[in-house]
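Here's the structure we're looking at; comments come further down.
Residue numbers (this note's numbering): 474 to 771.
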């Protein structure tokens, strides 16, 4: 009986030896991974960037650069700048894009891509003038970059209210790789809508209220404020006149209401000017909200 048990045991061990999993040369075990190696740090940073964890990706990319030096910037520079930009570090992203230009020549497409990203970053800053300046420097022969340049220049002009210039950019004259007709039609329609925005002239609003209290409020479409302003200024003027009529220049009542009336009168002028500014800002913000811009990575 004992011999038969040994025989069965030997057969079982032979079975395990024949079909068991043996380690292969190219298998990597968790204990063999060097978590501090530059390659692993870069791989982990790329994973964080891909999953949208931009703050942690920024930290890991910087850790990668600390182990590789400036030479590593070619491997992760654009993703590091993008991670900074998407996590609110716009100034840092600008520095990185400019560093990328320093390690590439103008003969390299990467130099021009960095220039385009600089223009986009200035746009996100709200600095449309500098964004335009950055995009105007793009003279690359790349059809894609030239088309993107015209789109971004046109968008910046829309935000500045420069409708004629925006129309020129969105015409895509001398551009080989033009966007679809639908895209061109969309941006041209924004130009036409921008020209029809019901904005008000702040100087005119203030001038109208200067000559007739509250008239600027009617210009702004606020007749209720017109009657309130006119009533207040008129009442102060009448009370001041009444005081001076009885006690002449020694009238405290006259001087008091003259001062009050003057304050309301000047406030009426400034209020009309400021009201036009606020009105225009609201109109523009509503319009800007309709603009679909090709944000980074779109």
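We put the CB at the ideal spot given by N, CA and C, even for glycine.
Notebook entry, point to check: So, using beta-carbon positions, are residue 611 and residue 574 closer together than 9 Å?
Noted result: no
Checklist line | Buried or exposed (CB count within 10 angstroms, at least 16 for buried), residue 520 | finding: exposed
Check: So the alpha helix (DSSP H) residue 575 belongs to, where does it begin and stop?
Finding: 563-575
Next item on the list: Using only the heavy atoms of the ligand HEM, determine whether one of them is closer than 8 Å to the beta carbon of residue 642.
Entry: As for the ligand HEM, it is missing from this structure, which has no ligand bound.
Checklist line | At least 3 beta-carbon pairs within less than 8 Å: the stretch 542-554 vs the stretch 564-579 | finding: yes
Notebook entry, point to check: Where does residue 669 sit, in a helix, a strand or coil, going by DSSP?
Noted result: coil
Item checked: Nonlocal neighbours in the same chain, by C-beta distance under 6 Å from residue 464, ignoring five residues either side -> The structure shown has nothing for residue 464, since the chain only spans 474 to 771.
Item checked: Short CB-CB distance (under 9 Å) between residue 669 and chain B -> Of the protein chains in this structure there is only one, and it is not chain B.
Margin query: Taking the alpha helix (DSSP H) that residue 762 belongs to, which residues open and close that run?
Written below: From DSSP, residue 762 is part of no alpha helix (DSSP H); its letter is neither H nor E.
Notebook entry, point to check: Helix, strand or coil: how does DSSP classify residue 532 here?
Noted result: helix
Notebook entry, point to check: By Cβ distance, which residues of its chain are closer than 7 Å to residue 592, with the 5 residues on each side in sequence left out?
Noted result: 604, 607, 608 and 625
Check: Per DSSP, what kind of secondary structure is residue 635 in: helix, strand or coil?
Finding: coil
Notebook entry, point to check: By DSSP, does residue 499 sit in helix, in strand, or in coil?
Noted result: In this prediction, residue 499 scores a pLDDT of 48, lower than 50, which makes its location untrustworthy; no coordinate-derived value is stated.
Note to self: I'd like the span of the alpha helix (DSSP H) that includes residue 559, first residue to last.
What the structure shows: 546-559
Checklist line | Pairwise C-alpha distance: residue 517 and residue 525 | finding: 13 Å
Next item on the list: Would you identify the three-state DSSP class for residue 716, choosing helix, strand or coil?
Entry: helix
Check: How do the stretch 652-662 and the stretch 673-685 stand: do at least 3 beta-carbon pairs fall below 8 Å, yes or no?
Finding: no
Next item on the list: Rank 618, 693 and 619 by C-alpha distance to the C-alpha of residue 678 and give the top, closest one.
Entry: 693
Check: When burial is assigned at 16 or more other CB atoms within 10 Å of the CB, is residue 540 buried or exposed?
Finding: exposed
Margin query: For a test of the three-state rule: what should DSSP assign to residue 687, helix, strand or coil?
Written below: coil
Note to self: Which same chain residues end up closer than 6 Å to residue 748 when comparing Cβ atoms and leaving out the 5 residues on each side of it in sequence?
What the structure shows: 693
Notebook entry, point to check: Near residue 560, what residues of its chain come up, given a Cβ to Cβ distance below 7 Å and the 5 sequence neighbours on each side ignored?
Noted result: 527, 528 and 531
Check: Can you give the Cα-Cα distance for residue 578 and residue 683, rounded to whole angstroms?
Finding: 60 Å
Notebook entry, point to check: How many angstroms separate the CA atom of residue 686 from the CA atom of residue 713?
Noted result: 17 Å
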